[in-house]
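Below: the structure, in structure tokens.
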């Protein structure tokens, strides 16, 4: 049900120095736009009269252009509007989303050059989005951005949950610190990665989650990152001002632009209630509506796979240890000696298909099925994979038929090894191969440095590549889950076949030495602001040495916590990552994973403190059942939650999967207790979560 | 008729310091390979006992590897062989080519690292080719070349015909100077270009043509440049040693290598007779035999086109002047105002088709037929063309049918504007479009800086792109004529659909200010050593202001010279570049262009002095007719040529197109005289060529 009311009022305002004011629909936020005496454009943001963002500069530094677009502006036009509609996403945390904002678009003209620049502000009840627009004009068509000059001036030395600013990866653990401490903590925040490039000792990534001294939560991010380079933030820690820092191309330039065009939106969400940050749909609302006419082929999916066994080192992606240097089309795998550890064999894949069918999973992902894994990593190899040639022990057709017979979908894996031109060269063939063999979703990966060499994972031209893949996949009715790609910025509203991304530190790092125990209490406030994450939870065996004696990693979570993640880490794609044998040991706990849906009609954020705890309740899109998840940080914690979101007058049966009394992510992660009780919307539950623990509750309507 | 005699003898030689000697089949050349006391590999070349190349170093500098591959070698194996065969090219300067050499392959092992490197030498009767081979080994698989360390130590301060070393263009006029003068003349040798990047004030390109003080002609080049970066030469002008200088990628690295692989061949052709340089087929012989099974679709072609009128500025490629910023798929050309100067209109193209049909030309090239030309140049634009969307006034199907009805082939134009990823994204569609509409050849272009930005026209990955296009074109049975791409290195033996390149300063520069009057007396010794050039000669109106009053360029050649180029500038693709109206004014001279073939069974080089004059005689592949061409430099010149190449006992009718007595490229370029006479193989002709002039002779068998 969409209600659109749009009122456009054009007011010519030729006075400089007076602020143009904009208020949010409920009047709580106010945005002031202003031009200084020297014609420098600034904006400021207030919540209930109190500064959230101090006056902050806007503009662009242009390459080979001393004047640039940073001052000497006058306001030549002002257009105001409002927008209020409900729209329905193809999949999501809710089945209807409200898009309600007041808008102000200011047209600036640079006096000396006559160049025009528009800044469009949309003020929502939860915060501000703004973007730059370059209208068609002869004074400015082709230009190169040296740096965007967008500032976010903080009102104080806030506490932030941050990861180091980087052109190539987001796979860091978060650090919680004051802004003034970022510099001294930067080096220790840096863990190693296959591809990483920092730019400043006070550089951080978005979305950035902060909390002021007086309890205001502030989130900075961007929306609709299309044909532009990714924005990191560089903190001036003398003045507590964040400056936009775009990702350079191989020549050090920050953007190759052609007017007319619009920049991505820069977003500021703020509230004294942390739950409002999560409840905001601003990122989605700032993206264009769905561009795909037919979306019937796009379906959320719960899956298992041949993956964790390779991540832990129990199996290998590679088929053989005989070939140190693969040349696709020349290397004859039939002549090599199998290493006996290859995960993706027909036999083993069938076992996973059986497991999926038995337990009602939609799909099976298989990595390591295709030729080239013997030397795929760390060589910046160009022709690394062809995406269509299986290993001798992976029978494509046999697996295709077996999966079909069991009602299970195979999920394709396209590891590109960062070799983007090679992937594009093979893309049509690879997608046709998928169509021919019943694969309708692909997990893609960009591990290692990007080729063309010199570009970064987050450069403009590589962001263009990820978008190219999404759009071409839609032509083939294929869903894409891109790992190591750019973190999402809501584009899945426009292209809902973009069904997932990793683009953050996922569960795999628990097998690479572990992640912080409060990691999943942070991610929804940072990485997930732009879109869902294929976090691949559901690990039940925390002691990785039990899978692979050479791997001493410990998964820093309890089983109850792992169950909760299916609720707290929103994704239309959910993997039960662990091996069937580990699930078989805890089938009672596994039941929650089987029951939890992957598509929702309503979401309620019950309680939240970024870095500490998060409790969410969601209603299944396809039934009247509700599911609750709590993920907990380092401190054992008890709290009461109210089930008042349940429907009045209805009776439900709740199954509670909770940490046992002595559970602990480190010392006793597999201790859980399952209990049942009847509940109604009047019920209050007193829950205790272990350190690194949590709980999961399925609430089934009693008919 | 192929005669292959291969003798392989393996000799183990564990002594260092002793030279391994190799002789050419006729014994005139000797190559000495040697390892110094410190295990540095060197080679030297002698002609009849006299040094041609002084001992010169071999090897590689490897990135992040202090040891590199420059010394500490020992010889662990030596393999010798010989090869003697005749093979037949699909098209060429002759229908049978002799490939006769003695070979020596030395296997070197680096003592400290155990890494192996092979250097393979092939010594022909006209000179030396050698390359590096990295065998499969675990000690060295993936590595990055910091710089190749191949030297060519000159025996003296030779005279050279050179152009500035550059990573992006070859479109320079040649400078003739001593090697010691290169440094002081470098700046003045640099003319401006849409994309150019020099690296050293003594850097020069290959092939490099030199002449020693005692009259020895020496040519340096490379053959089979595949998956490697282009080699320029950097002159150490203290010691007169040329050092290999590879083209860097965006990060400054010179090659991303994976063993096993082979480098391109480095070639040294030397003779006291300049004609032997031209007669050498070493570049072709060092390339792999033809890889295409079916070559029946590959045909040499003589063509006219809609092109010179845009080059001179008489017409425009662009359709409208209304659109400063084109967005393909969004810009609606039907709504714009045609600029009235668009060259590629259906009406005008039909005129060219009529002209082609009337005068027996095979094809018509049309540039500016497709959307995007309004802002294609100088913006490093990514999505610049889509290669399938015509302008409103170019009716693809109407032109297709008209050409078919007239027995004329349309030739496609794919200007990429350097945007290589964009071209690859559209390649299949573009080639299918050609198949669907009767185009079997495409002229491609790479004007402007290469995208991905930071790469160069001659970087390894862009050379990989050109090769990718050639190979994909072969799949579609399409011939490719690539302009602004890498200069050829004989790969057309392997892929004979690579029917042409420009990749040097072509005729268009005569309309951009003019080229030196002796330019075409040099190109066959430099640019054409690696393969044919689409020089597009045949300009009859030298005063460009007559076509476009705003263009004061003068074509620095006489009409007789322009006719000669169809013989002296070998190419299976020959354009009659000028406008029909200019040919119509000189139809008697035009007759030569109509008569001259584009495929040959035999070629004789009658006389040659690089930079001064060149006279060539060729026999038509499809008849007993011969054609002679002379191109002359700055000095008016008389010389006698003998027609003793004609068949004994046969009678011929010769039509001679010569400069008039007072002809001169500058003051009187259109003055020519046509005469007829009966000739036999006993005839001697005394010919006079004007400055910048020449002559063309068709010799038709009298039956």
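Residue numbers (full-length UniProt numbering), protein chains in the order written: chain A, 1 to 703; chain B, 1 to 703. C-beta atoms are modelled at their ideal positions from N, C-alpha and C, and glycine is treated no differently.
Sixteen is the threshold: since fewer than 16 other Cβ atoms of the shown chains lie within 10 Å of the Cβ of residue 112 of chain B, the residue is exposed.
With a threshold of 8 Å between beta carbons, residue 141 of chain A makes contact with chain B. Residue 455 of chain B has B:453 as its beta-bridge partners, per DSSP. Ranking A:427, A:405, A:233 by CA distance to the CA of residue 415 of chain A puts A:427 first.
Across the stretch 306–334 of chain B, CB contacts with chain A closer than 8 Å involve 324, 325, 327, in sequence order along the chain. The beta carbon of residue 229 of chain B sits closer than 7 Å to the beta carbons of 246, 247, 254, 255, 458, 459, 460, 463 from its chain, once the five residues preceding and following it are set aside; these are given in chain order. Pairing residue 363 of chain A with residue 309 of chain A gives a Cβ-Cβ distance that is not under 8 Å. In terms of Cβ geometry, residue 158 of chain B and residue 243 of chain B do not form a close pair [threshold 8 Å]. Around residue 38 of chain B, the same chain offers 71 as residues with beta carbons nearer than 6 Å, after the five sequence neighbours per side are excluded. Counting only Cβ-Cβ distances below 7 Å, residue 452 of chain A has contacts in chain B at 250, 452, 455, 461, in chain order. Residue 129 of chain B sits close to residue 223 of chain B, with the two beta carbons spaced by under 8 Å. Among the residues of the stretch 248–281 of chain B, those with a Cβ less than 8 Å away from any Cβ of chain A are 249, 250, 251, 253, 256, 258, 259, 260, in the order of the chain.
As DSSP reads the structure, residue 618 of chain A sits in a beta bridge with A:603, A:627.
DSSP, reduced to helix, strand and coil, places residue 308 of chain B within a helical segment of the structure shown. Residue 379 of chain A has a beta carbon lying within less than 8 Å of a beta carbon in chain B. Under the three-state reduction of DSSP output, residue 567 of chain A falls in the helix class. Cβ-Cβ separation between residue 174 of chain A and residue 199 of chain A: approximately 19 Å, too far for a contact (criterion under 8 Å). Taking C-beta separations shorter than 6 Å and ignoring five residues to either side along the sequence, the partners of residue 660 of chain B in its chain run 671, 672, 673, following chain order. DSSP places residue 43 of chain A within a strand segment (E or B) once states are collapsed to three.
Shown in chain order are the members of the stretch 119–144 of chain A whose Cβ falls below 8 Å from a Cβ of chain B: 136, 138, 141, 142. Residue-level contact by beta carbon fails for residue 80 of chain A and chain B, as no gap is shorter than 8 Å.
CA-to-CA, the gap between residue 617 of chain B and residue 260 of chain B works out to about 43 Å.
For residue 590 of chain B, the enclosing alpha helix (DSSP H) covers residues 587–595. Leaving aside the five residues that flank residue 656 of chain B on each side, the residues in its chain whose CB is nearer than 6 Å to its CB run, in chain order, 675, 697. By the criterion of a C-beta distance shorter than 6 Å, residue 68 of chain A is surrounded in its chain by 61, 62, once the five residues flanking it on both sides are discounted. For residue 391 of chain B, the secondary structure class from DSSP, reduced to helix, strand or coil, is coil. Contacts between residue 386 of chain A and chain B, judged by CB atoms closer than 7 Å, are missing: the closest CB pair is about 14 Å apart. Close CB contacts of residue 465 of chain A within its chain, under the 6 Å cut and outside five residues either way in sequence, are with 420 (chain order).
Straight-line measurement puts the Cα of residue 629 of chain B at about 12 Å from the Cα of residue 643 of chain B. If one requires a minimum length of 4 residues, the alpha helix (DSSP H) runs lying completely within the stretch 162–232 of chain A are 182–189, in chain order. Neighbourhood of residue 425 of chain B in chain A, by CB distance below 8 Å: 424, 468, in chain order. Residue-level contact by beta carbon fails for residue 599 of chain B and chain A, as no gap is shorter than 8 Å. Rounded to whole angstroms, the separation of the alpha carbons of residue 287 of chain A and residue 88 of chain A is 13 Å.
Against chain A, the beta carbon of residue 382 of chain B has neighbours under 8 Å at 256, 461, 464, listed in chain order.
In the DSSP assignment, residue 65 of chain B falls outside any alpha helix (DSSP H) and lies within the beta strand (DSSP E) extending over 65–69. With respect to residue 216 of chain A, residue 270 of chain A sits close: the two C-beta atoms are nearer than 8 Å.
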